[in-house]
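A.B. asks: Residue 264 in the numbering used here sits at position 253 of the sequence shown, with consecutive numbering throughout. Take a look at the following structure, please.
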Amino acid sequence: MRMVLCGIALVAVAPTFAADPSDEAHRQAVARADRAVREAASVAAKDPRRPAFHFQAPAKWMNDPNGPIFFGGKYHMFYQLNPYGTEWGDIHWGHAVSPNLVHWEHWPVALAPSKDRGEDHCFSGCTVVADGVPTILYTSIGPKTRAEDTAVQWAATSSDGMRTWVKSPANPIMTPALNGGNTVRDWRDPFAWKDGGVWYCVIGGSLNGKGCAVLYKSRDLKAWDFVSVLAEGKERGWECPNFFKLGDKWVLTYSPHGPVRYKIGNLGSDFQFTAEREGAFDPSKTYYAPTSMVAPDGRRLMWGWARVKGDGWNGCLTLPRVLTLRPDGRLGIEPAKELEALRGTEAATEQPAAEKFDLTLPAAAESGVEVAVTVTPGKATRFALTLTGKDGTPSHPMVAWDQKAGRIAAGETAAEFQPLDGEDTISVRVFLDRSILEAFVNGREAITSPAGYDFAGCRTLAFAADAPVGVSLKAWPLKPAPAAYPAQ
Ligand code: FRU
Numbered sequence: 012m013r014m015v016l017c018g019i020a021l022v023a024v025a026p027t028f029a030a031d032p033s034d035e036a037h038r039q040a041v042a043r044a045d046r047a048v049r050e051a052a053s054v055a056a057k058d059p060r061r062p063a064f065h066f067q068a069p070a071k072w073m074n075d076p077n078g079p080i081f082f083g084g085k086y087h088m089f090y091q092l093n094p095y096g097t098e099w100g101d102i103h104w105g106h107a108v109s110p111n112l113v114h115w116e117h118w119p120v121a122l123a124p125s126k127d128r129g130e131d132h133c134f135s136g137c138t139v140v141a142d143g144v145p146t147i148l149y150t151s152i153g154p155k156t157r158a159e160d161t162a163v164q165w166a167a168t169s170s171d172g173m174r175t176w177v178k179s180p181a182n183p184i185m186t187p188a189l190n191g192g193n194t195v196r197d198w199r200d201p202f203a204w205k206d207g208g209v210w211y212c213v214i215g216g217s218l219n220g221k222g223c224a225v226l227y228k229s230r231d232l233k234a235w236d237f238v239s240v241l242a243e244g245k246e247r248g249w250e251c252p253n254f255f256k257l258g259d260k261w262v263l264t265y266s267p268h269g270p271v272r273y274k275i276g277n278l279g280s281d282f283q284f285t286a287e288r289e290g291a292f293d294p295s296k297t298y299y300a301p302t303s304m305v306a307p308d309g310r311r312l313m314w315g316w317a318r319v320k321g322d323g324w325n326g327c328l329t330l331p332r333v334l335t336l337r338p339d340g341r342l343g344i345e346p347a348k349e350l351e352a353l354r355g356t357e358a359a360t361e362q363p364a365a366e367k368f369d370l371t372l373p374a375a376a377e378s379g380v381e382v383a384v385t386v387t388p389g390k391a392t393r394f395a396l397t398l399t400g401k402d403g404t405p406s407h408p409m410v411a412w413d414q415k416a417g418r419i420a421a422g423e424t425a426a427e428f429q430p431l432d433g434e435d436t437i438s439v440r441v442f443l444d445r446s447i448l449e450a451f452v453n454g455r456e457a458i459t460s461p462a463g464y465d466f467a468g469c470r471t472l473a474f475a476a477d478a479p480v481g482v483s484l485k486a487w488p489l490k491p492a493p494a495a496y497p498a499q
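As structure tokens, then:
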């Protein structure tokens with residue numbers, strides 16, 4: 012078709028849709044962030060403190076795990092990332108995938124702040140698949156949407172199997188107006204799930220100066236309604252709430268600017284949560300902001316952020332923990348069985364009545380060691396297991412129990428611990444990975460600790476108790492499994 016008007020040729024062309032300039036700006040910001048962390052990776056990799064099998068960003072700062080999900084035959088893990096510094100700031104979403112929860116491959120950064128849309132940080136959130144469309148829900152923070160009182164919730168979607176993400180044109184999908192007359196300060200960290208065709212989402216914050224988790228619902232992830240203030244606490248604010256079913260109970264986990272806590276209870280038809288039991292999820296100050304997912308086999312898996320750091324890197328994730336509701340109504344916390352793939356040659360001993368003995372590992376524990384120890388204390392009130400060099404030095408504490416103090420120490424971190432009625436043994440699994448140690452006690456307590464990272468020549472596990480005890484001790488040097496970029 013050709014039209015001539017006043018000597019000017021007007022050519023009618025089929026309409027083309029130019030890419031949204033803001034999407035293009037996001038693509039460029041993601042590429043810039045990717046380059047920055049990739050370039051910094053070799054410095055971080057050389058640091059002797061860098062964990063060998065805990066998940067980490069390629070370099071620089073990371074904090075909370077975000078939106079873990081099983082999709083396209085892989086586990087996907089996202090995380091808070093500052094690609095430009097080793098301190099918190101300029102928060103992006105990093106992304107990695109794994110076939111087995113142990114070996115992780117870095118994927119392109121998922122989200123960068125859209126400065127052109129007034130976004131300074133992409134805070135924590137979750138990932139869901141809605142009608143086949145992978146969707147991230149997260150808290151968008153900017154100069155006009157301040158974290159304290161005006162935060163909004165945004166969505167981003169992927170149309171290429173989660174490789175790249177585009178911010179939704181419907182943003183913000185949730186604004187503080189949803190809270191009616193209530194001002195929820197520090198309103199952030201959406202955690203969503205689907206039940207009976209309805210999406211639910213819990214968001215943390217502070218209501219009248221107290222930590223809270225607020226519940227919303229939606230049919231399409233875009234139009235949301237307030238449902239209830241699910242729970243409130245004593246602390247000044249709650250971050251990163253998770254809310255999910257275990258067995259016939261509901262579990263709420265939250266990060267109250269201090270050690271992470273949980274509540275187990277019931278959800279009424281009025282959407283009020285009534286807790287029957289509560290406790291510290293991990294009493295350590297090193298552990299924070301966990302989030303969770305359901306694995307294809309139905310297990311509830313949870314990761315947290317561990318505040319350990321070294322040269323060119325800051326932060327790592329803890330190991331995947333499997334949560335269960337135990338027959339006694341308590342929360343079960345155990346390391347995922349997939350971690351056994353890291354084990355090298357086993358060293359083991361059974362001691363029917365020992366006060367002191369050594370077990371030598373087949374190799375030095377430089378890239379990590381796992382220990383499984385079960386002690387029947389009898390008359391003993393204390394025992395300790397220490398990793399040492401041949402002549403007893405250097406000496407790294409693994410686990411130490413003190414009945415009179417009612418405590419167990421994992422590495423450098425002590426926690427309250429009382430054996431339950433009927434618990435005649437103390438069983439501890441310890442994972443030591445250079446600057447981080449995690450211990451799991453009697454399948455119901457988990458403790459994260461910073462650790463001394465220099466294990467050169469450490470091959471001896473030294474056990475000592477204050478009276479003869481029965482001990483079953485197994486140990487494995489662990490193979491390194493650092494997250495890596497895919498081969499080019
Ligand atoms: C928890 C937290 C979240 C927030 C994110 C920002 O560590 O403060 O509440 O979304 O970190 O990086």
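All C-beta atoms, glycine included, are put in the ideal place defined by N, C-alpha and C.
Measuring from the CB of C223, is there a heavy atom of ligand 1 at a distance below 8 angstroms?
C.D. replies: Flag unset: Cβ of C223 not near ligand 1.
A.B. asks: Please list, in chain order, all residues of the same chain as L48 whose beta carbon is under 7 angstroms from its beta carbon, the five residues on each side excluded.
C.D. replies: It should be pointed out that residue 48 corresponds to Val in this sequence rather than to Leu. Hits under 7 angstroms: A68, P69, A70, K71, P94.
A.B. asks: Give me the residue from A411, A56, Q499, C251 with the minimum Cα distance to W198.
C.D. replies: It is C251 whose Cα lies nearest to the Cα of W198.
A.B. asks: Note down, one range per segment and in chain order, each beta strand (DSSP E) of at least 3 residues found wholly within the stretch 432-499.
C.D. replies: Correct list: 437-444, 447-452, 456-461, 471-488.
A.B. asks: At a threshold of 8 angstroms, does S135 count as lining ligand 1 (C-beta to nearest heavy atom)?
C.D. replies: At least one heavy atom of ligand 1 is nearer than 8 angstroms to the Cβ of S135, so yes.
A.B. asks: Quick check on Q39: buried or exposed, where buried means 16 or more other Cβ atoms within 10 Å of its Cβ?
C.D. replies: Classification for Q39: exposed.
A.B. asks: Taking the alpha carbon of H132 as the reference point, which residue from V144, D259, D200, S169 has its own alpha carbon closest?
C.D. replies: It is D200 whose Cα lies nearest to the Cα of H132.
A.B. asks: From C327 to D402, what does the alpha carbon distance come to, in whole angstroms?
C.D. replies: Their backbone Cα atoms lie some 32 angstroms apart in a straight line.
A.B. asks: Do E250 and ligand 1 come close, with the Cβ less than 8 angstroms from some heavy atom?
C.D. replies: It does: the Cβ of E250 is within 8 angstroms (strictly closer) of some heavy atom of ligand 1.
A.B. asks: Could you tell me which whole beta strand (DSSP E) segments of length 3 or greater appear in the stretch 98-153?
C.D. replies: Counting only runs of 3 or more, we get 103-109, 116-122, 132-141, 144-152.
A.B. asks: Would you call K274 buried or exposed, if buried means 16 or more other Cβ atoms sit within 10 Å of its Cβ?
C.D. replies: Label assigned to K274: buried.
A.B. asks: For ligand 1, any of its heavy atoms closer than 8 angstroms to the Cβ of I102?
C.D. replies: For ligand 1, at least one heavy atom lies less than 8 angstroms from the Cβ of I102.
A.B. asks: How far does the beta strand (DSSP E) with E361 in it extend, from its first residue to its last?
C.D. replies: Taken as a continuous stretch (DSSP letters only), the beta strand (DSSP E) holding E361 covers 358-371.
A.B. asks: Whole angstroms is fine: what's the gap from L489's alpha carbon to S125's?
C.D. replies: Answer to the nearest angstrom: the Cα atoms are 41 angstroms apart.
A.B. asks: Taking 8 angstroms as the limit between beta carbons, can you name the residues of its chain near D45, skipping five residues before and five after?
C.D. replies: Here the set comprises P94, P119, V120.
A.B. asks: Residue range of the alpha helix (DSSP H) that K57 falls in?
C.D. replies: Its alpha helix (DSSP H) spans residues 32-57.
A.B. asks: Measure the beta-carbon distance from P76 to T302 and round it to whole angstroms, keeping in mind my assumption that it falls under 8 angstroms.
C.D. replies: Their Cβ separation, rounded to whole angstroms, is 5 angstroms, which keeps P76 and T302 in contact under 8 angstroms.
A.B. asks: Helix, strand or coil: how does DSSP classify A391 here?
C.D. replies: Here A391 sits in coil by DSSP.
A.B. asks: Quick one: Cα of F254 to Cα of W261, how far?
C.D. replies: Distance between the alpha carbons of F254 and W261: 7 angstroms.
A.B. asks: With burial defined as no fewer than 16 other Cβ atoms inside 10 Å of the residue's Cβ, what is the status of P338: buried or exposed?
C.D. replies: Counting Cβ neighbours within 10 Å, P338 comes out exposed, since fewer than 16 surround it.
A.B. asks: Could you pull the start and end residues of the beta strand (DSSP E) that M304 belongs to?
C.D. replies: Taken as a continuous stretch (DSSP letters only), the beta strand (DSSP E) holding M304 covers 298-305.
A.B. asks: Does the Cβ of A300 lie closer than 8 angstroms to at least one heavy atom of ligand 3?
C.D. replies: Within the structure as shown, ligand 3 is missing, the only ligands being ligand 1.
A.B. asks: Would you mind reading off the limits of the beta strand (DSSP E) that contains T285?
C.D. replies: Where T285 is concerned, the enclosing beta strand (DSSP E) stretches over 284-293.
A.B. asks: For a test of the three-state rule: what should DSSP assign to L330, helix, strand or coil?
C.D. replies: Here L330 sits in coil by DSSP.
A.B. asks: Could you please give me the residues that DSSP links to G248 through a beta bridge?
C.D. replies: Partner(s): none; G248 has no beta bridge.
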